[in-house]
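Residue numbers (this note's numbering), protein chains in the order written: chain B, 26 to 220; chain X, 92 to 694.
Take a look at the structure:
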């Protein structure tokens with residue numbers, strides 16, 4: 026308020042006399058005091074604490090929305106004995122486990138039946154040798170590679186192994202889709218029929 | 092007692108109780124007309140008197156009021172439905188069946204809730220278009236337009252969350268797709284580009300939305316709470332602000348004498364609500380809300396289609412990676428809508444429908460919005476594009492999301508021919524850079540400097556050279572890799588058959604088929620010649636379009652200044668870019684222009 030009043034008081038005599046020399050600069054220390062002094066410090070600290078508290082409180086509610094314990098179905102299952110599967114693609118587990126099991130001449134591999142685009146379940150078309158997704162038209166070949174449509178990545182293959190009781194165990198929790206890695210190790214189960 | 096017979100009503104009106112409730116009498120006098128409005132908490136939302144032209148039906152079509160009424164209908168019918176609905180995966184579908192077959196009026200209420208939701212989406216969109224075309228978003232009403240955009244987004248989000256609740260196949264797969272888009276959001280999604288190192292399926296954006304790693308009970312309760320409490324709560328707050336600001340910012344139309352709101356406006360509102368109610372009743376009696384088979388997490392219906400208002404988005408997802416179509420484009424659309432009133436500096440066209448006039452462009456007669464040519468054309472083009480995408484998704488997509496003409500019969504056994512390929516990053520990056528460089532302005536200062544150096548015709552020539560050059564660069568970046576790119580998977584023949592396959596599939600394209608056979612007969616040389624021809628033709632065409640567009644750019648830059656110009660031209664190029672990518676995909680079978688698979692970054 027004082028600052029506003031000062032120039033007004035000066036403007037009237039300015040018409041009569043030459044303008045007086047500019048008013049002495051306010052003391053630098055008092056300016057600093059006004060800006061960063063105790064009063065400002067306390068005010069800003071107070072409001073700072075308020076906003077940090079409020080922000081933290083709201084963000085903590087965001088964390089609250091991420092549960093720590095999930096009650097979801099197990100990701101691995103036993104898919105029967107290898108000799109039960111003829112050569113080719115089996116849709117036996119698609120409806121219950123969302124998995125395709127493929128037996129080639131060298132052994133087994135398994136696809137997670139979930140489109141890598143937006144998570145729909147593709148369908149297998151035997152005549153064309155393609156998986157086609159009903160949601161956005163992605164097509165995959167028998168190796169799981171994308172051959173048409175918007176899917177960005179090949180189909181995921183699941184880890185599989187033989188359990189002690191001779192059944193194939195398939196784990197949808199361990200996935201791989203990079204060429205090279207996906208045909209080896211735990212993602213491929215070598216199996217040849219005993220003659 | 093006098094001779095008069097006892098009048099119960101008269102007596103009642105004299106009681107203290109009556110007077111405590113109704114503060115005034117109801118005779119039709121100017122005074123009570125006013126008292127009715129400001130003596131009533133519900134009616135006082137409205138002014139007491141309003142300009143006659145502002146309440147003409149043909150000005151607003153009552154769309155804002157109708158949206159509000161439909162929101163009320165949805166609230167009431169929704170509350171009633173909640174009495175029978177239990178949000179757990181074991182019970183939800185059973186409760187839907189109960190509502191449909193065992194509860195008196197259950198199916199009717201469900202129908203009315205579903206159809207009112209659809210109608211509300213339509214009415215809200217039309218309301219936005221109306222506000223745009225009558226310039227009602229211009230100062231001082233910019234902020235209310237922004238609030239309106241949020242209300243539109245929330246309307247769509249309410250529809251989306253409500254979609255899961257019946258727990259049928261339609262619901263589940265629409266939500267699967269929607270939730271998976273969250274997993275593709277940049278940085279915070281497990282499958283998105285540039286995700287943070289600690290993000291997994293168990294803590295990304297999708298996990299937060301559905302409350303788990305798979306859609307299940309946690310998702311259902313989450314969507315239930317969002318749909319019934321959280322979003323309506325937010326919606327109501329925004330609605331209060333929206334309605335309040337309509338009053339405080341004054342109406343966009345002020346002409347005509349002032350008339351009393353009671354009865355002139357109130358009666359119109361009443362009639363509009365009545366009409367909407369009749370439509371909803373007939374609709375709900377005649378048509379049942381769909382309920383498909385119970386949700387099955389492992390089996391997807393074929394084809395699987397989202398509700399119609401999201402089909403445009405679903406169709407976009409065919410052409411773009413999910414992080415673009417599902418996250419970036421919706422965000423850009425919303426931001427684009429929000430900035431409209433702040434970048435539109437044209438003060439004309441407030442308070443009346445855009446003035447249209449027939450005009451000739453060359454030899455083609457065009458219906459031309461006279462006062463706001465740019466704003467109206469671009470906005471309406473955007474709306475049109477959205478509805479064309481919805482049309483394609485609804486009528487042109489069949490099993491396996493294959494393209495079927497509306498008159499074609501669907502077949503689950505049809506072979507899918509189209510094979511997609513990428514343009515190498517270098518070429519694709521060049522194409523994208525050249526495309527966005529088309530937005531380069533020519534500021535006055537630069538123009539003067541060029542004039543000084545190259546003479547008076549310098550700027551025009553330079554500008555023409557720039558645009559034709561960029562057009563040629565783009566055409567070359569598109570067609571050269573199709574010709575020579577070291578793409579071992581695709582032998583030369585398949586490189587140029589893609590376009591013919593895509594076009595040749597429609598049986599009524601004999602010319603294309605003839606070309607296809609010609610190339611087959613004449614060998615690769617004909618193919619090379621064709622591709623060279625394409626470069627020249629497309630380059631020339633793009634250059635010509637760029638030059639025509641150049642005059643507009645110059646004018647826009649002058650009027651908007653650098654910042655607003657950058658925003659407008661960026662949004663504009665993105666809008667046409669979407670169209671361009673759709674064309675590239677449909678005609679040339681191109682999947683990505685630029686792809687960094689390690690980062691999930693694909694354009």
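C-beta atoms are modelled at their ideal positions from N, C-alpha and C, and glycine is treated no differently.
For residue 129 of chain X, the uninterrupted alpha helix (DSSP H) run begins and ends at 121-129, by DSSP.
Residue pairing for residue 495 of chain X: DSSP places it in no beta bridge. When secondary structure is reduced to three states using DSSP, residue 185 of chain B falls in the strand class. Between residue 392 of chain X and chain B, the shortest Cβ-Cβ separation is below 8 Å.
Counting along the chain, the unbroken alpha helix (DSSP H) around residue 208 of chain X starts and ends at 197-224. With respect to the C-alpha of residue 338 of chain X, the residue from X:439, X:426, X:142 and X:638 having the closest C-alpha is X:142. Any Cβ of chain X closer than 8 Å to the Cβ of residue 79 of chain B would place that residue at the interface, and such an atom is absent. Per DSSP, residue 194 of chain B is one residue of the beta strand (DSSP E) stretching across 193-201. Bridge partners of residue 681 of chain X according to DSSP: X:512.
Contacts with chain B at 8 Å (Cβ-Cβ) do not include residue 345 of chain X. For residue 236 of chain X, the uninterrupted alpha helix (DSSP H) run begins and ends at 233-255, by DSSP.
The DSSP-derived three-state label of residue 686 of chain X is strand. Think of a sphere of 7 Å around the beta carbon of residue 413 of chain X: the chain B residues whose beta carbon falls inside it are 142 and 143, in chain order. Using a CB distance below 7 Å, the part of the region 159-172 of chain B facing chain X consists of 159, 160, 161, 162, 164 and 172, ordered along the chain. The shortest CA-to-CA distance from residue 646 of chain X to any of X:472, X:465, X:293 and X:210 is the one to X:465. Listed by position along chain X, the residues whose Cβ is nearer than 7 Å to that of residue 90 of chain B are 299.
Judged by pairs of C-beta atoms under 8 Å, the region 250-261 of chain X touches the region 308-323 of chain X, as three or more such pairs exist. If the five residues before and after residue 459 of chain X are omitted, its C-beta is found closer than 6 Å to the C-beta atoms of 448 and 450, all from its own chain and listed in chain order. Contact of residue 148 of chain B with chain X is assigned, a C-beta pair being separated by under 8 Å.
Contact between the region 218-230 of chain X and the region 154-164 of chain X is present: 3 or more CB-CB pairs across the two stretches fall below 8 Å. With a cutoff of 8 Å on beta-carbon distance, residue 629 of chain X and residue 568 of chain X are scored as not near each other. Excluding sequence positions up to five before and after residue 123 of chain B, its CB lies within less than 6 Å of the CB of 138, all in the same chain and listed in chain order. Less than 8 Å divides the Cβ of residue 330 of chain X from the Cβ of residue 242 of chain X. Within a 10 Å sphere around the beta-carbon of residue 344 of chain X sit 16 or more other beta-carbons, which makes this residue buried.
Cα atoms of residue 189 of chain X and residue 162 of chain X: separation of roughly 25 Å, rounded to the nearest angstrom.
Annotation for residue 123 of chain X: 115, 116 and 117 place their beta carbon closer than 8 Å to its own, counting only its chain and skipping 5 residues before and after. At least one CB atom of chain X sits nearer than 8 Å to the CB of residue 95 of chain B.
When rounded, the separation of the alpha-carbon atoms in residue 144 of chain X and residue 126 of chain X is 23 Å. Under the Cβ criterion of 8 Å, residue 567 of chain X is not counted among the residues facing chain B. Just measuring C-alpha positions, the residue of B:79, B:105 and B:44 sitting nearest residue 190 of chain B is B:105.
About 50 Å separates the beta carbons of residue 461 of chain X and residue 260 of chain X, which is beyond the 8 Å limit, so they are not a contact pair.
When secondary structure is reduced to three states using DSSP, residue 273 of chain X falls in the helix class. Residue contact with chain B for residue 484 of chain X: absent (no Cβ-Cβ distance below 8 Å to any residue of chain B).
When Cβ-Cβ separations below 8 Å define contact, residue 116 of chain B makes no contact with chain X.
The C-beta separation of residue 326 of chain X from residue 245 of chain X comes to about 5 Å, placing the pair in contact by the 8 Å criterion.
In the DSSP assignment, residue 125 of chain B forms a beta bridge with B:136.
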